[in-house]
Amino acid sequence: MPVKTTSISLSTQGNADVHDITNQVTRSITQSGLEDGTATIFCPSSTSALTTIEYESGAISDLRRLFDEIVSSNREYAHNERWHDGNGHSHVRAALLGPSITIPFVDGQLTLGTWQQVIYVDFDNRSRQRKLVIQLIGE
Amino acid sequence: MPVKTTSISLSTQGNADVHDITNQVTRSITQSGLEDGTATIFCPSSTSALTTIEYESGAISDLRRLFDEIVSSNREYAHNERWHDGNGHSHVRAALLGPSITIPFVDGQLTLGTWQQVIYVDFDNRSRQRKLVIQLIGE
Amino acid sequence: MPVKTTSISLSTQGNADVHDITNQVTRSITQSGLEDGTATIFCPSSTSALTTIEYESGAISDLRRLFDEIVSSNREYAHNERWHDGNGHSHVRAALLGPSITIPFVDGQLTLGTWQQVIYVDFDNRSRQRKLVIQLIGE
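Residue numbers (the working numbering), protein chains in the order written: chain S, -1 to 137; chain C, -1 to 137; chain U, -1 to 137.
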């Protein structure tokens, strides 16, 4: 049973920019030739995170409002006082949402629900070039 | 080393209905014949989520209060304005808590703590028939 | 492809005590002899949790403030009323942040970002001796 590691590249705008990466993950499974196994998606970054959601503008907007409310960008952060890069809120948001997601695939397909997409959220305060790790273990 | 994928079915009541699924996950390991490996539990849904907790009524009630406070059902959601299904808060709560959990098992037993159970939380606003994916990779 | 399970031990102070465990996880990969695969880190506890963050005092302090604000220790908890151990907030915080994290490793190295560390947060209200499970599946 092989391990296959690939990556996907994204241009992000920051400030809770949300990207649907479902198709890229599905494509990596197809290209691997694996049929059954576990897909681990990981973001090698401390200011962005992964989860799933119904990818439609309303739910995305509602999720962003939550982070604006509980981890506002308009207040003091100890990180900012020390480093002056203004993204203290980005670090807290990313740590809360988490950098990894693990999804089983069966017969070459992710076991997502009908209305469920994999999203990458870039909480940083500026545009970035991002690379996510996709690792498949299966057969 | 094989991949074994099974599922468990649940009847849920919605509105942050919490189910202890530890026994079902343990049973799937026993039935697989695997001794050591990783169990990935995944909910193919955008309005429900997984985590662990001490499964007792107090802690469950406290967890539900947190979601009532930071993602209240009694306010406007852009999702609801667009789709009129009234579960905008369910989507945000599920995205925050996350759809996957990964637990090592050793000698056929989950490596959970003494007071730690695996829970499935259905945040949707109505009763549902749910199916969770359990995928084991091990030996 | 083998499964290798080890553990790391920690002395923690409680009250959102944060430990950088990146080096211990890296060491377990080195000692396993595996080159490519997935590292699952799991805390067998219902009052502590795992995530990643830039491990510097500002970001740590900001993360702790979030939990003080949304899951305050200075209020009533149903768990405390029932069990009188005073750590009701610890259970809710741990359930929210989550007990598991899954990180791909490649060429014997975790695929973390430059400023990203793996942290263990002990939310319990007293000092503890803790043991975390590290399970590697790879080749």
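All C-beta atoms, glycine included, are put in the ideal place defined by N, C-alpha and C. These figures come from a predicted structure and were not determined experimentally.
Listed as beta-bridge partners of C/Arg126 by DSSP are C/Thr10. Secondary structure at U/Leu108: strand, using DSSP grouped into helix, strand and coil. Your pair S/Ser9 and S/Leu48 does not check out as a contact, with CB atoms roughly 17 angstroms apart and the cut at 8 angstroms.
The alpha carbon of U/Glu137 has as its nearest neighbour, out of U/Gly35, U/Thr28, U/Asp15 and U/Gly12, the alpha carbon of U/Gly35. In the assembly as shown, U/Arg25 is an exposed residue. Its beta-carbon has fewer than 16 other beta-carbons within 10 Å. A straight-line Cα-Cα distance of about 13 angstroms links C/Ser7 and C/Asp120.
For S/Thr4, DSSP records a beta bridge to S/Ile132.
For U/Gln115, DSSP records a beta bridge to U/Ile51. Residue state for C/His82 is assigned as coil, using DSSP reduced to three classes. Non-local beta-carbon contacts of C/Thr4 in its own chain, meaning distances under 6 angstroms to residues more than five positions away in sequence, involve Ser26 and Ile132 in chain order.
For S/Gln115, at least one C-beta of chain C is nearer than 9 angstroms to its own C-beta. DSSP places U/Gly56 within a helical segment (H, G or I) once states are collapsed to three. Within 10 angstroms of the beta-carbon of U/Thr112 lie fewer than 16 other beta-carbons, which makes it exposed.
Neighbours of U/Gln133 in chain C, taken as residues at a C-beta separation under 7 angstroms, are given in chain order as Thr36 and Pro102. For S/Gln11, same chain residues with a beta-carbon under 6 angstroms away, outside a window of 5 residues either side, are Ser125 in chain order.
Secondary structure note for C/Val23: its alpha helix (DSSP H) is the uninterrupted segment Thr20 to Ser30. At a Cβ-Cβ threshold of 9 angstroms, S/Leu110 and S/Val116 count as neighbours.
Against chain S, the CB of U/Gly56 has a partner CB under 9 angstroms away; the residue lies at that interface. The Cβ-Cβ distance between S/Ile101 and S/Val1 does not fall below 9 angstroms. Nearest CB-CB separation between C/Gly31 and chain S: not below the 9 angstroms threshold. Distance from the CA of U/Ser55 to the CA of C/Leu64, rounded to the nearest whole angstrom, comes to 27 angstroms.
Residues of chain S with a Cβ closer than 7 angstroms to the Cβ of U/Ser59 are, in chain order, Ala76.
Within the model, the alpha-carbon separation for U/Val69 versus U/Gly96 is close to 15 angstroms.
Taking every protein chain shown into account, the CB of S/Asp18 has fewer than 16 other CB atoms within 10 angstroms, so this residue is exposed. Between U/Gly106 and chain S, the shortest Cβ-Cβ separation is not below 9 angstroms.
Judged by DSSP in its simplified three-state form, C/Phe40 adopts strand.
Among the CB atoms of chain S, none fall inside 9 angstroms of the CB of C/Thr10.
Collapsing the DSSP output to three states places U/Asp66 in a helix.
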